[in-house]
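S.K.: Per numbering that gives the first Met the number 0, the sequence shown starts with residue 0, numbered consecutively. Below you'll find the structure I mean.
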Amino acid sequence: MSNTTPSGASNALENVSVTDLAKHVQSLTDRVDDLEQQVAEKDERIDDLEDYREEATKERAQDRQQFGSLEDTTESMESDIDDLAEIEEKNARVRASVSRIINLVRDYETEESVDDESPNLAAEATNAGRQLFETIQRSEQNTELMNFREKRAESQQVEDKYLNVLEHAKNVAKTNDVMVARLGYREVATHYGCAYKNDGYRVMEEMAERVPGVTYKESRTLCVDDAMGVGGHHIEITFAHPDLAGWMRAHEANAGGN
Numbered sequence: 000m001s002n003t004t005p006s007g008a009s010n011a012l013e014n015v016s017v018t019d020l021a022k023h024v025q026s027l028t029d030r031v032d033d034l035e036q037q038v039a040e041k042d043e044r045i046d047d048l049e050d051y052r053e054e055a056t057k058e059r060a061q062d063r064q065q066f067g068s069l070e071d072t073t074e075s076m077e078s079d080i081d082d083l084a085e086i087e088e089k090n091a092r093v094r095a096s097v098s099r100i101i102n103l104v105r106d107y108e109t110e111e112s113v114d115d116e117s118p119n120l121a122a123e124a125t126n127a128g129r130q131l132f133e134t135i136q137r138s139e140q141n142t143e144l145m146n147f148r149e150k151r152a153e154s155q156q157v158e159d160k161y162l163n164v165l166e167h168a169k170n171v172a173k174t175n176d177v178m179v180a181r182l183g184y185r186e187v188a189t190h191y192g193c194a195y196k197n198d199g200y201r202v203m204e205e206m207a208e209r210v211p212g213v214t215y216k217e218s219r220t221l222c223v224d225d226a227m228g229v230g231g232h233h234i235e236i237t238f239a240h241p242d243l244a245g246w247m248r249a250h251e252a253n254a255g256g257n
């Protein structure tokens, strides 16, 4: 039989000192401690991440709530702005109409004109109303003065102003080498001699009704006046229109005779 018995293993253990075994055990203990510390640090890191995730979720919910509130506020402000713009547009048109009435009345009395932004517009409108009533009473005695379709002194005065506008349009067409001239309400008001620029819209509409070759159109381009409710239209004068040249010659002749 062989002599390889457990006594051989015992001899090997006897060759390992107690000190070496203690050191080995201590090394394993330190390794376990390090691993436990790493596990604890990772657990702490996981807890921190969970807290951060929970806080981020809360902040995201608050941001969504604030965003929804801002959207509601924005919609409300846009609605208020639209209402204010509509009110401002109506107010501008009313004030322009009142100033036009005042200026029409003053044409019979004085050369003084009024702006529709005048702070005393209400008081002036009251006086103009009284003068207008008196003017209408006088005008009823001579209805021919109100007939713009016949060649009377009053209509000729208006048509002379139309001719001023048409002459300006002719110069514009000549400068641009075209047969169609476009004029905005400011140009029309200036060359017609309106007391206020917004009266140019009234003149443009009247010319489109009474002068051949003149059309009142909606402008495609936007401007600052559009936001104020007074923009967006112009007139086009077509000098190739078969009746326009004859109309201008006839009224120029009448103006020369008068």
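We treat Cβ as the ideally placed atom computed from N, Cα and C, and that holds for glycine. Quick caveat, the model's predicted, so the values are computed rather than measured.
(1) Does DSSP put His232 in a helix, a strand or coil?
(2) Would you mind reading off the limits of the alpha helix (DSSP H) that contains Ala188?
(3) Taking C-alpha atoms, which residue in Phe238, Arg99, Ala172 and Glu74 lies nearest to Gly192?
(4) Quick check on DSSP: helix, strand or coil for Lys216?
(5) If you follow the alpha helix (DSSP H) that Met206 is part of, which residue opens it and which one closes it?
(6) Assign Leu198 to buried or exposed, taking buried as 16 or more other Cβ atoms, counted over all protein chains shown, within 10 Å of its Cβ.
(7) With burial defined as no fewer than 16 other Cβ atoms inside 10 Å of the residue's Cβ, what is the status of Lys89: buried or exposed?
(8) Measure the beta-carbon distance from His240 to Glu158 and round it to whole angstroms, keeping in mind my assumption that it falls under 8 Å.
(9) Roughly how many angstroms lie between the CA atoms of Val31 and Ile45, to the nearest whole one?
(10) Assuming His232 contacts Met203 under a Cβ cut-off of 8 Å, what Cβ separation, rounded to an integer in Å, is found between them?
(11) Is it buried or exposed for Gly67, if we count other Cβ within 10 angstroms and need 16 for buried?
(12) With distance defined between alpha-carbon atoms, name the residue in Leu20, Tyr161 and Asn119 nearest to Arg94.
(13) So for Val179, helix, strand or coil by DSSP?
(14) Hey, how far is the Cα of Asp176 from the Cα of Lys196?
(15) If the criterion is Cβ atoms closer than 9 Å, does the pair Ile234 and Lys216 meet it?
(16) Can Leu165 and Met247 be called in contact, C-beta distance under 9 Å?
(17) Alpha carbon to alpha carbon, what distance is there between Ser16 and Val24?
(18) Please find out if some non-hydrogen atom of the ligand ZN comes closer than 8 Å to the beta-carbon of Ala55.
(19) Count the other CB atoms, across all protein chains shown, that sit within 10 Å of the CB of Tyr51; report buried if there are 16 or more and exposed otherwise.
(20) If you draw a straight line from the alpha carbon of Gln64 to that of Lys41, how long is it in whole angstroms?
(21) CA-CA distance, Val210 and Thr72?
(22) When DSSP builds the beta bridges, which residues end up paired with Thr237?
M.R.: Looking at the coordinates:
(1) As a working note, residue 232 is residue 233 in the sequence shown. Of the three classes helix, strand and coil, the one that applies to His232 here is strand, per DSSP.
(2) On the sequence shown, position 189 is the one that residue 188 refers to. For Ala188, the enclosing alpha helix (DSSP H) stretches over residues Tyr184 to Tyr191.
(3) On the sequence shown, residue 192 is found 193 positions in, with the first residue counted as 1. With distances taken between Cα atoms, Gly192 lies closest to Arg99.
(4) What you label residue 216 is simply residue 217 of the sequence shown in a count that begins at 1. DSSP places Lys216 in strand when its eight states are reduced to three.
(5) Reading the sequence shown from its first residue, position 207 is the one you call residue 206. Element bounds for Met206: Asp198 to Arg209.
(6) In the sequence shown, counting from the first residue as 1, residue 198 sits at position 199. The question names Leu, but residue 198 in the sequence shown is Asp. With 16 or more other Cβ atoms inside 10 Å of its own Cβ, Asp198 counts as buried.
(7) For this step, residue 89 is matched to residue 90 along the sequence shown. By the 10 Å Cβ count, Lys89 comes out exposed.
(8) Translated into the one-based positions of the sequence shown, residue 240 becomes position 241. Translated into the one-based positions of the sequence shown, residue 158 becomes position 159. 17 Å between Cβ atoms; not a contact.
(9) Stepping through the sequence shown from its first residue, residue 31 is reached at position 32. Stepping through the sequence shown from its first residue, residue 45 is reached at position 46. Whole-angstrom Cα-Cα distance: 21 Å.
(10) Locating residue 232 in the sequence shown gives position 233, where the first residue counts as 1. Locating residue 203 in the sequence shown gives position 204, where the first residue counts as 1. With a contact defined as Cβ atoms closer than 8 Å, His232 and Met203 qualify at about 7 Å.
(11) The sequence position of residue 67 within the sequence shown is 68, counting from 1. Its Cβ having fewer than 16 others within 10 Å, Gly67 is exposed.
(12) Working through the sequence shown from its first residue, we reach residue 94 at position 95. Per the Cα distances, Asn119.
(13) Taking the first residue of the sequence shown as 1, we reach residue 179 at position 180. Note: Val179 maps to strand in three-state DSSP.
(14) Stepping through the sequence shown from its first residue, residue 176 is reached at position 177. Stepping through the sequence shown from its first residue, residue 196 is reached at position 197. Approximately 27 Å between the Cα atoms of the pair.
(15) What you label residue 234 is simply residue 235 of the sequence shown in a count that begins at 1. What you label residue 216 is simply residue 217 of the sequence shown in a count that begins at 1. Inclusion of Ile234 and Lys216 in the CB contact set at 9 Å is warranted, their separation being smaller than that value.
(16) Taking the first residue of the sequence shown as position 1, residue 165 is located at position 166. Taking the first residue of the sequence shown as position 1, residue 247 is located at position 248. The answer is yes: Cβ separation under 9 Å.
(17) Counting from 1 along the sequence shown, the entry for residue 24 is found at position 25. Counting from 1 along the sequence shown, the entry for residue 16 is found at position 17. Cα to Cα, Val24 sits roughly 13 Å from Ser16.
(18) Among the ligands in the structure shown, none appear at all, so the ligand ZN cannot be discussed.
(19) Indexing the sequence shown from 1 puts residue 51 at position 52. Taking a 10 Å sphere around the C-beta of Tyr51, we find fewer than 16 other C-beta atoms and assign the residue as exposed.
(20) One-based indexing of the sequence shown puts residue 64 at position 65. One-based indexing of the sequence shown puts residue 41 at position 42. The alpha-carbon of Gln64 is positioned some 34 Å away from that of Lys41.
(21) Translated into positions along the sequence shown, residue 210 becomes position 211. Translated into positions along the sequence shown, residue 72 becomes position 73. If you draw a straight line from the Cα of Val210 to the Cα of Thr72, it comes to about 50 Å.
(22) Residue 237 sits at position 238 when you count from the first residue of the sequence shown. Per DSSP, the beta bridge partners of Thr237 are Val179.
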